[in-house]
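Asker:
Number of protein chains: 2
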Amino acid sequence: MEPALGIIAGSGPLPAQVARAAEAAGQRVFIIGLEGHAEPDRLAPFPHAFLRFGGAVRILSLLKEQNCRDLVLVGPVKRPSFRDLRPDGEGLKLLARIGKAAFMGDDGLLKAVIRVLGEEGFRVRGAHEILGGLVGRAGLMTRTVPDDQAKSDIQRGIAVCRALGVADVGQGCVVQAGIVLAVEAVEGTDAMLGRCGGLAWPGPGGILVKLVKPGQERRADLPTIGEQTVRGAIAAGLRGIAFEAGGTLIVERESMVAAADAAGFFVIGLGPEALGARTTTGRN
Amino acid sequence: MEPALGIIAGSGPLPAQVARAAEAAGQRVFIIGLEGHAEPDRLAPFPHAFLRFGGAVRILSLLKEQNCRDLVLVGPVKRPSFRDLRPDGEGLKLLARIGKAAFMGDDGLLKAVIRVLGEEGFRVRGAHEILGGLVGRAGLMTRTVPDDQAKSDIQRGIAVCRALGVADVGQGCVVQAGIVLAVEAVEGTDAMLGRCGGLAWPGPGGILVKLVKPGQERRADLPTIGEQTVRGAIAAGLRGIAFEAGGTLIVERESMVAAADAAGFFVIGLGPEALGARTTTGRN
């Protein structure tokens, strides 16, 4: 059988976009949708199967049957996903190989999963390698420009994200007039934005800052923003998003920018210069 | 008029406890309850007035009328409190003296307020100086003992709190099996606990870790735990609280310990040894 790109798919539009890009480049694809995470409608146009995350052994054997050597892990898999794990007997052995790393923070877990996939003979590639055009670049994407207060809030957000990243926690925070309104842990960006409305002060709204963690496993967990992120931020009274250029996937770019422009909201990519000397861009 | 201890009161039981302790030591007290924060029932037994936070000039002149030289700022003042600020004309001048510090994070603001109060001739004292008996000590307060997983989660929580504290954000986080479920910013501990129920994994519950920020202004914003904290943590599926000994106020100690013991929940004070070499205890 002709080799295929294997896609292990969580939720959102990215898995289908990876599949489409690979097919457009003449490559066969096979998607494994993780039950409870991947969205059937989005996977329908492609050869696929739905499996539980806990059925790890079945996932691996199906990928081998389909002659997938290259794998992409893409699309958020929301915690708590442990309920879905219910590992089968062989899955428990695999889990033992992942070992303590499963309890070491998000990034530790992902790195261990990628290591085990490598031991099984797969090569894990980053979604951004296939979706090069979706990686956000440095510079302003919107008509609205950050003012001085916004720039100062972005700098404070960068400092907070770096402190968090060192502790392998989250990738985002919201800053308004120097005050850190919220810090992201496992709840995810959308949930964090959801609570900011009630915490904000009057006056110019806060800024969402999203960075790549230092040493982050870029092949499986790149920060992603899109129209939904912008709409959530606007609903929470924010006035802008600053993301790490070269390390953030932008989904639904046109509709995201249109939603931002309609609301006088800015979206800006932070390059190495904006991030200062301690940037992690391009390291991993 | 005989000198009095001035108490600028936020919410909760602490302002009345400070007043009671001062009176028991033979000192006259006068409480200024911040409107929308201080609770009338709790202040009723003591000489007091209610004023807006924004009426700073009236607060200062009343404190001078009452011959208060020593001041205690005590009891949480929940953000967003800016709506209550609406500073009067003279208040705006005071705010200008606080200046940019008002936008520098919680601790920067408090330090600036204390500085301005000093310039006005007041001496700001820490609530813990008057409520010495309420400062939590190192060691276990409950019958339930933290197991190895809990100890490991406490260590991870310490690392996260330190990283956050350096960025002058929050004082707490919740860790379950090595995963940081939540990080505290301006929403406060109770709100953070409120969202943990939905984020927890099955298995042994998470641990709330609360530390003093490095360089924290201990005279105005000491971490505080009590029965409400324990009940909130139990409701969120947690199984213990670890706090920084010597830097945390324990309110309603007996009912807190009773609630914890009834639920097989632990509360432990972390001394310099548990906190490692980089402890901030006793520095400020």
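Respectively, the protein sequence lines represent chains A and B.
Count the first sequence with the UniProt record's numbering and you get residues 1 to 284, in order.
Count the second sequence with the UniProt record's numbering and you get residues 1 to 284, in order.
Ideal placement from N, C-alpha and C gives every residue a C-beta, glycine not left out.
For clarity, every value in this text was computed on a predicted model and none was experimentally measured.
(1) Just mark E244 of chain B as buried or exposed, buried being the case when its beta carbon has 16 or more other beta carbons within 10 Å.
(2) Based on Cα-Cα distance, which residue from A:T248, A:C68, A:A200 and A:G6 lies nearest to L43 of chain A?
(3) Within 8 Å of any Cβ in chain A, is that where the Cβ of A19 of chain B sits?
(4) In the structure shown, what three-state DSSP assignment does K213 of chain B receive?
(5) Starting from I158 of chain A, find everything on chain B with Cβ-Cβ shorter than 7 Å and list it in chain order.
(6) Please confirm if the region 119-131 of chain A is in contact with the region 10-27 of chain A, defined as three or more CB-CB distances below 8 Å between the two stretches.
(7) Spatial neighbours of H37 of chain B within its chain, please: CB distance less than 6 Å, with the 5 preceding and 5 following residues excluded, ordered by chain position.
(8) Measuring only the C-alpha atoms, how far is A102 of chain A from G194 of chain B?
(9) A185 of chain A and V183 of chain B - do their beta-carbons sit closer together than 8 Å?
(10) Below 9 Å between beta carbons is the criterion; list the residues of the region 29-46 of chain B that meet it against any residue of chain A, in chain order.
(11) Taking all protein chains shown into account, do 16 or more other C-beta atoms lie within 10 angstroms of the C-beta of E273 of chain B, making it buried, or fewer, making it exposed?
(12) Using a C-beta cutoff of 8 Å, does L71 of chain A count as contacting chain B?
(13) Pair every Cβ in the region 212-225 of chain B with every Cβ in the region 212-224 of chain A, then say whether three or more of these pairs are closer than 8 Å.
(14) In this structure, how does DSSP classify I6 of chain A when only helix, strand and coil are distinguished?
(15) Quick one: does V169 of chain A have its CB under 8 Å from some CB of chain B?
(16) Taking the alpha-carbon of D153 of chain B as reference, which of B:V135, B:A22, B:V57 and B:V209 has the nearest alpha-carbon?
(17) Would you mind listing the alpha helix (DSSP H) stretches within the UniProt domain "LpxI C-terminal" (138-268) of chain A that are 4+ residues and don't spill past its ends, in chain order?
(18) For the region 171-187 of chain B, which residues have a CB atom closer than 7 Å to at least one CB atom of chain A, in sequence order?
(19) Under 8 Å, Cβ to Cβ, is there at least one residue of chain B near R253 of chain A?
(20) Quick one: is V166 of chain A near chain B, going by C-beta distance under 8 Å?
(21) Starting from R52 of chain B, trace the alpha helix (DSSP H) both ways and give me its first and last residue.
(22) Apply the 10 Å Cβ neighbour rule to A235 of chain B and answer buried if 16 or more other Cβ atoms are within range, or exposed otherwise.
(23) Run through chain A and tell me which residues come within less than 8 Å of A163 of chain B, C-beta to C-beta.
(24) So if I threshold CB-CB distances at 7 Å, which residues from the region 192-215 of chain A count as touching chain B?
(25) Using CA atoms only, rank isn't needed, just tell me which of A:D168, A:G165, A:V230 and A:G178 is closest to T189 of chain A.
(26) Between the region 159-170 of chain A and the region 119-126 of chain A, do at least 3 Cβ pairs fall closer than 8 Å?
(27) Near L199 of chain B, what residues of its chain come up, given a Cβ to Cβ distance below 8 Å and the 5 sequence neighbours on each side ignored?
(28) Could you spell out the range, first to last residue, of the beta strand (DSSP E) harbouring V124 of chain B?
(29) Per DSSP, residue 286 of chain B is paired with what?
Answerer: So, from the listed chains and residues:
(1) Taking all protein chains shown into account, E244 of chain B has 16 or more neighbouring C-beta atoms within 10 Å of its C-beta and is therefore buried.
(2) Answer by Cα proximity: A:G6.
(3) It does not; no Cβ of chain A falls within 8 Å.
(4) K213 of chain B sits in coil when the DSSP states are folded into three classes, being neither helix nor strand.
(5) Within 7 Å Cβ-Cβ: nothing; I158 of chain A doesn't reach chain B, min ~10 Å.
(6) Judged by Cβ distances under 8 Å, the region 119-131 of chain A makes contact with the region 10-27 of chain A, as three or more pairs qualify.
(7) Cβ neighbours of H37 of chain B beyond the five flanking positions: G10, S11 and V77.
(8) For A102 of chain A, the predicted structure reports a pLDDT of 46, less than 50, and the residue's modelled location is therefore unreliable. The matter cannot be settled from this model.
(9) In contact: V183 of chain B and A185 of chain A (Cβ atoms closer than 8 Å).
(10) Cβ contacts with chain A come from no residue of the region 29-46 of chain B.
(11) Label assigned to E273 of chain B: exposed.
(12) Cβ-Cβ to chain B under 8 Å: no for L71 of chain A.
(13) As far as the Cβ criterion goes, the region 212-225 of chain B does not touch the region 212-224 of chain A, which means the pair count is below three.
(14) First, the residue type needs correcting, since residue 6 of chain A is Gly and not Ile in the sequence shown. Note: G6 of chain A maps to strand in three-state DSSP.
(15) For V169 of chain A, the nearest CB of chain B lies under 8 Å from its own CB, placing it at the interface with that chain.
(16) Nearest C-alpha to D153 of chain B: B:V209.
(17) If only complete runs of 4 or more residues are kept, the UniProt domain "LpxI C-terminal" (138-268) of chain A shows the alpha helix (DSSP H) at 148-166, 189-196, 227-235 and 253-262, in order along the chain.
(18) Cβ contacts with chain A: A177, G178, I179, V180, L181, A182, V183, A185, V186 and E187.
(19) Taking Cβ atoms only, chain B never reaches closer than 8 Å to R253 of chain A, which makes this a no.
(20) Yes, contact with chain B.
(21) No alpha helix (DSSP H) contains R52 of chain B, which DSSP labels as neither H nor E.
(22) Using a 10 angstroms sphere on the CB of A235 of chain B, the tally of other CB atoms stays under 16, which defines it as exposed.
(23) Ordered by position in chain A, the residues that pass the 8 Å Cβ test against A163 of chain B are A163, L164, V166, A167 and V169.
(24) Within the region 192-215 of chain A, the residues whose Cβ lies closer than 7 Å to some Cβ of chain B are R195, L199, A200, W201 and P202, listed in chain order.
(25) Residue A:V230 holds the alpha-carbon nearest to the alpha-carbon of T189 of chain A among A:D168, A:G165, A:V230 and A:G178.
(26) The region 159-170 of chain A vs the region 119-126 of chain A: no contact.
(27) Sequence-distant Cβ neighbours of L199 of chain B in its own chain, meaning closer than 8 Å and more than five residues away, are L181 and A182.
(28) Per DSSP, V124 of chain B belongs to the beta strand (DSSP E) from R123 to R125.
(29) This structure cannot settle anything about residue 286 of chain B, because the visible part of chain B is limited to 1 through 284.
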